[in-house]
Amino acid sequence: MFVPFAEVAAAFPWFFPGFAFVIGACVGSFLNVVIYRVPKGESVVTPGSHCGCGQPIKWHDNIPILSWLALRGRARCCGRPFSFRYPFVELLTGLLFVASLLRLSPTGTFSPELVLCGWIFIGCLVAATFIDLDHFIIPDVFTIGLALVGLVLSAAVPALHGHIDGTPMENAVQGALTSLQGILVGSGLVLWTALIAEAILRKEAMGFGDVKFVGAIGAFCGWKGAVIAMFGGACVGTVWITLAWLWQKSAGKHSPISPPVENPPEPATDEAPIEYHEHLSFATLAAGLAGVAASFVLPSLHGQQTEFFLVDSLRAGTAATIGLLVGSAVILWIALLLPFLFRQESLAFCAIRFAGAVGAFAHWRLGWLGVAKGAAFAAAAAAVFWGASKAFSALRKTPPEPAPAETPPEPTEVAPAQLGFGVHVPFGPMLAIAGALYFLGFREWIDAWFAQVGELF
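Per numbering that gives the first Met the number 0, residue 0 is the first one in the sequence shown, and the count goes up by one each step.
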């Protein structure tokens, strides 16, 4: 459905942007409720908006932005201060809705369903950002739920991914496939980045919510947007950390980079199962990386046998990387959507890593034969790394030292107060910022760059 947008916009150039801003501000007011209540498991419908003292807020004191300014940031009933975040979220959402309208409304046409998709995506990014800032979590409704909504909307509104030239059925299938690619490549990329970083640092390097969140961004932005969200988020985080460091140096204060752990995990007592899973985790992780490395060195694994080794190496390595990401992401999302398939989390993750290893070795053009071949190579590589891990672990074992005499615990230091800038910032907001920038501003440029690079492959 298209409306003569150009005529209305020419006669009243402020009308559509003004309408979008008002809608966005109202949605931002609702998002404030979502941000506050969803992490607590409370309903976002009942009870209605109320002050901290328990008094309900009247409608004329709940007008987005204006009421906060009129009341000077304080409640009418008891004089309690209201956080500046409330009008800020309303203003931010309103401005992003205007940007989404201008971005998704080509000259001369207006597609309300396309703009509505953009507003849904932007609204969820805003809510997930501030929830992650407050609680260091991204609820599943903004990760798994948003990914499923993006997949459905991509099929219903294929113009979201630029598919408008074919028949309605062809466009719907292409839109759904583009969204599915974004989900799998995005979540697989963050998953393997987190697994590699965790193996190197020996600690959790990235929250699992970020893995699902990038998949949700890919559902609306495609695989290119998911990749940009990952690496663009890292760039945004680098800028933020630099500004935080400069702020702290100028203020003469110091704050921790990561949040303090309130309840540290208890030391494990059953050594055998932990050692078993450590060997299995290392074997499946190393097998996947070995599959990618082998594809660069032996391009024939993926059917690349031309006269130019460098081109063959790049093509085969790219195919192996995509197989690694997609293979593991498929099992990951099956585990997320059908949890009864995996009763133990450790076994599920080993299956996810092994599926990635199969994808790295598999030659997809050979169909099931290629998958079977990849599974055989992956199993052989995993067995080799399993044995190497056990042998290396046995060499490193030393006789247990006698337990030291008990000493009274030392007094713990109180964690320094947060400064409000650059302190305990999770990765989710960085991903959201990069994803929004791709969706609203830089999509054509980045897609054109990927198209030029894709000519090599």
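All C-beta atoms, glycine included, are put in the ideal place defined by N, C-alpha and C.
Between the alpha carbons of S66 and H59 lies a distance of about 7 Å. Annotated as distal: G326 and G290, with beta-carbon spacing of 7 Å or more. One thing to note: V88 has its Cβ no nearer than 7 Å to the Cβ of L430. Between the alpha carbons of S110 and L101 lies a gap of roughly 11 Å. Counted as a single uninterrupted DSSP element, the alpha helix (DSSP H) harbouring V32 occupies residues 14 to 36.
Between A98 and P63, the C-beta spacing is not below 7 Å. Taking a C-beta distance under 7 Å as the contact criterion, P428 and D164 do not qualify as a contact pair.
The DSSP-derived three-state label of R73 is strand.
Using a Cβ distance threshold of 7 Å, C123 and L152 do not count as a contacting pair.
The residue from K57, G144, A377 with its alpha-carbon nearest to that of A282 is A377. If you draw a straight line from the Cα of G440 to the Cα of G17, it comes to about 20 Å.
Assigned with DSSP and collapsed to three states, P46 falls in coil, not helix or strand. By the CB criterion at 7 Å, I330 and A350 fall inside the cutoff. For S327, the uninterrupted alpha helix (DSSP H) run begins and ends at 308 to 336, by DSSP.
Where G174 is concerned, the enclosing alpha helix (DSSP H) starts and stops at 167 to 200.
In the displayed model, P86 falls within a helix according to three-state DSSP.
About 6 Å separates the Cβ atoms of L179 and L150, confirming a contact at the 8 Å cut-off.
The residue from V226, A155, I119 with its alpha-carbon nearest to that of G187 is V226.
Rounded to whole angstroms, L113 and K372 show a C-alpha spacing of 43 Å. When DSSP reads this structure, P55 sits in a beta bridge with H49.
CA-CA distance, V32 to P38, rounds to 11 Å.
Take Q303, set aside five residues on each side of it, and the residues of its chain with a beta-carbon closer than 6 Å to its own are D311, R314, A315, in chain order. Within the same chain, and ignoring the five residues on either side of T142 in sequence, the residues whose Cβ sits closer than 8 Å to its Cβ are A127, G208, K211, F212, G214, A215.
I136 and R201 have their alpha carbons spaced roughly 21 Å apart. Among the bridge pairs identified by DSSP, P138 is matched with none.
Beta-bridge pairing by DSSP links P80 to R73.
The three-state secondary structure of V226, taken from DSSP, is helix. Here DSSP, grouped into helix, strand and coil, assigns P63 to coil.
Of the candidates E443, I432, C77, I432 places its Cα closest to the Cα of G236. Judged by DSSP secondary structure, L297 falls outside any alpha helix (DSSP H); it is assigned neither H nor E. Annotation for P428: the continuous alpha helix (DSSP H) segment containing it runs 427 to 436.
The C-beta of F15 has 16 or more other C-beta atoms within 10 Å across all chains shown, which makes the residue buried.
Judged by DSSP in its simplified three-state form, G206 adopts coil rather than helix or strand. Around the CB of L190, 16 or more other CB atoms lie within 10 Å, so the residue is classed as buried. For I143, the enclosing alpha helix (DSSP H) covers residues 143 to 155.
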